[in-house]
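Engineer: My questions all concern the structure below.
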Amino acid sequence: MPKSPRPAKPAPDLLTSWLEAWRLWLLGALLGALLGLAIYQLFPPPYRAQATVVVDHNLEIAWPASEDRELFQFLARETERLEELAWSDDVLLAVSLQPGGLSLAQLRSGVLHLSHPSDGGWHFYADTHDPQQAQTLASVWALAFVEAAREAVMVTPQMEILRMELQAETQKDEPDAARLRELKGELAYLSEHTRGISPYVELHASQLQGSPEMRALGPGAYLFIGSLVGALLVPLWLTLKYRPD
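Note that our numbering has the sequence shown beginning at 1, numbered continuously upward.
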């Protein structure tokens with residue numbers, strides 16, 4: 001008696017095909033990592049130099065008797081002004097005059113980078129393939145920023161009078177809450193409409209020397225990105241070749 005044919009085994013779904021191809025995932029990650037390392041060796045990223053400027057806003061003096069929310073608003077406003085000053089044409093012009101002939105557009109489009117907290121160390125980075133040039137650009141940028149910030153300080157007599165009145169009101173045994181709100185409102189209005197830098201901010205360059213030994217991106221980043229891309233190409237290939245029938 002002839003045997004009945006066995007039922008055909010159902011084709012695995014797409015997710016099952018992905019899971020069963022774990023060896024291909026590992027192979028793709030390995031090949032991608034090797035490709036990333038090869039790209040790093042053939043086309044190395046530029047060197048990155050760093051210069052640091054310490055910025056102290058002296059919040060307790062510049063904005064006396066204020067709540068945390070008011071201090072945060074004042075600090076954010078002053079930080080934005082300093083950041084705009086760091087990227088201004090007057091500051092970057094001193095950097096563009098250095099050997100190398102980089103234009104302002106080139107400096108803004110990937111050569112210079114600014115990383116900073118609101119109050120503390122501001123880090124000025126420069127990325128070039130010449131490590132000595134990178135350090136020169138970063139140092140000149142930091143020094144030009146400090147000089148420009150000191151020149152942009154503006155002392156407003158009306159704001160100083162309001163600060164003294166506010167300080168005197170807070171030192172009373174029973175401060176007038178309505179008067180405090182009035183003084184803070186006037187001080188906030190003048191602070192928002194004053195273009196200069198606060199006279200209470202202190203800046204000094206703390207790190208300017210030293211040729212960079214590290215590149216903008218290390219080989220680890222190339223290995224990770226390469227392995228990730230290689231691993232993700234495997235499910236893409238399986239998806240393209242998947243046939244449900």
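Every residue gets a Cβ at the ideal spot worked out from N, C-alpha and C, and that includes glycine. None of the values given here were measured: they were computed from a predicted structure.
Assign Gln207 to one of three DSSP states: helix, strand, or coil.
Structural biologist: The count along the sequence shown starts at 1 and reaches residue 207 at position 207. DSSP places Gln207 in strand when its eight states are reduced to three.
Engineer: Could you work out which residue in Arg77, Ala38 and Pro45 is closest to His129 when comparing CA atoms only?
Structural biologist: By one-based count along the sequence shown, residue 129 stands at place 129. Selected option, being the one with the closest Cα: Pro45.
Engineer: Just checking my contact of Asp247 with Arg48 at CB under 8 Å: how many whole Å lie between their CB atoms?
Structural biologist: Since the displayed the chain opens at 1 and closes at 245, residue 247 lies outside it and no answer follows.
Engineer: Go ahead and label Met1 buried or exposed: buried means 16 or more other beta carbons lie within 10 angstroms of its beta carbon, across all protein chains shown.
Structural biologist: Here the question's residue 1 lines up with position 1 in the sequence shown. Summary for Met1: the model assigns pLDDT 48, below 50, so the residue's position carries little reliability; its value from the coordinates is reported in the next sentence. The residue is exposed, with fewer than 16 neighbouring Cβ atoms inside 10 Å.
Engineer: Throw me the rounded Cβ distance for the Ala142 and Val201 pair, which I believe falls under 8 Å.
Structural biologist: In the sequence shown, counting from the first residue as 1, residue 142 sits at position 142. In the sequence shown, counting from the first residue as 1, residue 201 sits at position 201. About 15 Å; that fails the 8 Å criterion.
Engineer: Nearest to Gln133 by CA position, among Leu223, Tyr40, Leu208 and Trp25, is which residue?
Structural biologist: Mapped onto the sequence shown, residue 133 falls at position 133. For Gln133, the nearest C-alpha among the options comes from Leu208.
Engineer: Just checking my contact of Arg77 with Ile197 at CB under 8 Å: how many whole Å lie between their CB atoms?
Structural biologist: The residue labelled residue 77 in the question sits at position 77 within the sequence shown. The residue labelled residue 197 in the question sits at position 197 within the sequence shown. With 8 Å as the limit, Arg77 and Ile197 do not qualify as a contact, their Cβ atoms being about 11 Å apart.
Engineer: Measure the Cβ-Cβ separation of Gly101 and Gly230 and say whether it is below 9 Å.
Structural biologist: Counting from 1 along the sequence shown, the entry for residue 101 is found at position 101. Counting from 1 along the sequence shown, the entry for residue 230 is found at position 230. No.
Engineer: Quick one: what does DSSP say Gln98 is sitting in, helix, strand or coil?
Structural biologist: Indexing the sequence shown from 1 puts residue 98 at position 98. Coil, per DSSP.
Engineer: Quick one, are the C-beta atoms of Ala148 and Leu85 less than 9 Å apart?
Structural biologist: Against the sequence shown, residue 148 aligns to sequence position 148. Against the sequence shown, residue 85 aligns to sequence position 85. In contact: Ala148 and Leu85 (Cβ atoms closer than 9 Å).
Engineer: When we look at the beta-carbon of Phe43 and count the other beta-carbons within 10 Å, is it buried (16 or more) or exposed?
Structural biologist: The count along the sequence shown starts at 1 and reaches residue 43 at position 43. It is exposed - the Cβ of Phe43 has fewer than 16 other Cβ atoms within 10 Å.
Engineer: Relative to the alpha-carbon of Asp90, which residue among Val140, Leu35, Ala205 and Leu27 has its alpha-carbon at the smallest distance?
Structural biologist: What you label residue 90 is simply residue 90 of the sequence shown in a count that begins at 1. It is Val140.
Engineer: From what residue to what residue does the alpha helix (DSSP H) around Arg215 run?
Structural biologist: Counting from one through the sequence shown, the residue named residue 215 turns up at place 215. Neither: Arg215 is in no alpha helix (DSSP H) and is coded neither H nor E.
Engineer: Locate the beta strand (DSSP E) running through Thr194, then write down its first and last residues.
Structural biologist: Numbered from its first residue, the sequence shown carries residue 194 at position 194. Premise fails: Thr194 is in no beta strand (DSSP E) and is neither H nor E.
Engineer: Nearest to Val111 by alpha carbon, out of Pro131, Gly121 and Trp122?
Structural biologist: For the purposes of this step, residue 111 is taken as the residue at position 111 of the sequence shown. The shortest Cα separation from Val111 among Pro131, Gly121 and Trp122 belongs to Pro131.
Engineer: According to DSSP, simplified to helix, strand and coil, what is Phe124?
Structural biologist: Within the sequence shown, the letter at position 124 stands for residue 124. Here Phe124 sits in strand by DSSP.
Engineer: Mapping DSSP to helix, strand and coil, what is Ala51?
Structural biologist: In the sequence shown, the residue the question calls residue 51 occupies position 51. Correct three-state label for Ala51: strand.
Engineer: Is it buried or exposed for Leu93, if we count other Cβ within 10 angstroms and need 16 for buried?
Structural biologist: Start at 1 with the first residue of the sequence shown, and residue 93 comes out as number 93. That one is exposed.
Engineer: With DSSP collapsed to three states, give me the class of Ser227.
Structural biologist: As a first step, residue 227 is located in the sequence shown; it is residue number 227 there, counting from the start. Ser227 falls in the helix class under three-state DSSP.
Engineer: Going by C-alpha to C-alpha distance, which of Trp237, Thr16, Leu107 and Leu30 sits closest to Leu228?
Structural biologist: Here residue 228 refers to the residue found at position 228 of the sequence shown. Of the listed residues, the one whose Cα sits closest to Leu228 is Leu30.
Engineer: Check whether the Cβ atoms of Tyr125 and Ser115 lie closer than 9 Å to each other.
Structural biologist: As a first step, residue 125 must be located in the sequence shown, where it is residue number 125. As a first step, residue 115 must be located in the sequence shown, where it is residue number 115. A contact, by the Cβ cut-off of 9 Å.
Engineer: Out of Leu107, Leu27 and His204, which one is the CA nearest neighbour of Ser88?
Structural biologist: Translated into positions along the sequence shown, residue 88 becomes position 88. For Ser88, the nearest C-alpha among the options comes from Leu107.
Engineer: Going by the CB atoms, is the gap between Phe74 and Leu97 shorter than 9 Å?
Structural biologist: Position 97 of the sequence shown, counted from the first residue, corresponds to residue 97. Position 74 of the sequence shown, counted from the first residue, corresponds to residue 74. Their beta carbons are not under 9 Å apart, which means Leu97 does not touch Phe74 by this criterion.
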